[in-house]
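Step one of this worksheet: look at the structure below.
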Amino acid sequence: MHIPHPRADDAAVLVGLTGGIAAGKSTIARALAERGARIIDADAIARWIVDPDLPEGRTLLEDIAALLGRTSLTAEGALDRDRVASIVFGDDDLRRRYNAIVHPALRREIGRTIDRERRRGPGVVVHEYPLLTRHSPPVPWTYNVIVTVEADADLRIRRLQDSRGLSAADARRRVAAQGDEADRVAIADIVIRTDSGSGDTPGTSDTVAELWRLLTNG
């Protein structure tokens, strides 16, 4: 393991953490957080930018409703994430158009968050970003290291069925929608596999410990 983009001693190390859905990204992020990493959760930011209590959020919600219909919103006007997922994961064109609405605002807010974390000074900042692949649009920040968490697609489908109660067909669509493993591995400096168990295994723990030593020069 090595850091391809070294940073100054007084700067934060920015880690791009990607991986297939249900591969164990959140497990790895939690393990790094327990060691002191500061986590930037793209999913949490994605929820925040469509907050109906924010003017920008209301604008995005109106654009989403215009694309997907009013049933994409709850009775209270919030985004119905399960409903949206059931629509866009089954239609590639709608998913692209939905992403075109949401992703620019998401990238802007992620960029602001990264800037804030860098201003805080030294430390390890982990950006958990499931859609980071070699086909991702360019971003105005540079990762010091990119880590992808991977597991066999059939195993991830079973995990989605067990953890979220999805049908096999729905789980398969969600796995397919997040891109190919090869597209993530192509840009990754480090690949962590969680094919055995839930992703929280002795081998994974050893890998996280080694990764942490690398990131902190410990």
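All residue numbers in the sequence shown are consecutive under the numbering used here, ending with 219. Quick reminder that beta carbons are idealized off the backbone N, C-alpha and C, glycines included.
Residue i - DSSP class collapsed to helix/strand/coil
i, result
"D52", "coil"
"R135", "coil"
"V103", "helix"
"E151", "strand"
"L167", "coil"
"D42", "strand"
Alpha carbon of residue i to alpha carbon of residue j, nearest angstrom
i, j, result
"P131", "R214", "24 Å"
"R185", "R135", "6 Å"
"D196", "N218", "28 Å"
"G91", "E151", "23 Å"
"R173", "G122", "41 Å"
"T205", "R159", "20 Å"
"D93", "A178", "8 Å"
"I88", "I40", "30 Å"
Any C-beta of chain D under 7 Å from that of residue i
i, result
"V14", "Considering every chain present, this structure includes no chain D. It has just one protein chain."
Neighbourhood of residue i by C-beta, 6 Å cutoff - its chain only, sequence neighbours within 5 removed
i, result
"L1", "This structure cannot settle anything about residue 1, because the visible part of the chain is limited to 2 through 219."
"I188", "R135 and I147"
"A154", "V176"
Same chain, Cβ closer than 8 Å to residue i, neighbours up to 5 away in sequence not counted
i, result
"D42", "A30 and E129"
"R98", "L68"
"I46", "L107, E110, I111 and T114"
"S27", "E129"
Cβ separation of residue i and residue j, assumed to be a contact under 8 Å, to the nearest whole Å
i, j, result
"V127", "L18", "5 Å"
"I102", "L156", "Going by Cβ atoms, the distance from I102 to L156 rounds to 32 Å, so no, they are not a contact pair."
"T149", "V192", "6 Å"
"A12", "R119", "7 Å"
Same chain only: Cβ atoms within 7 Å of residue i, ignoring 5 sequence neighbours per side
i, result
"E63", "none"
"A79", "P53"
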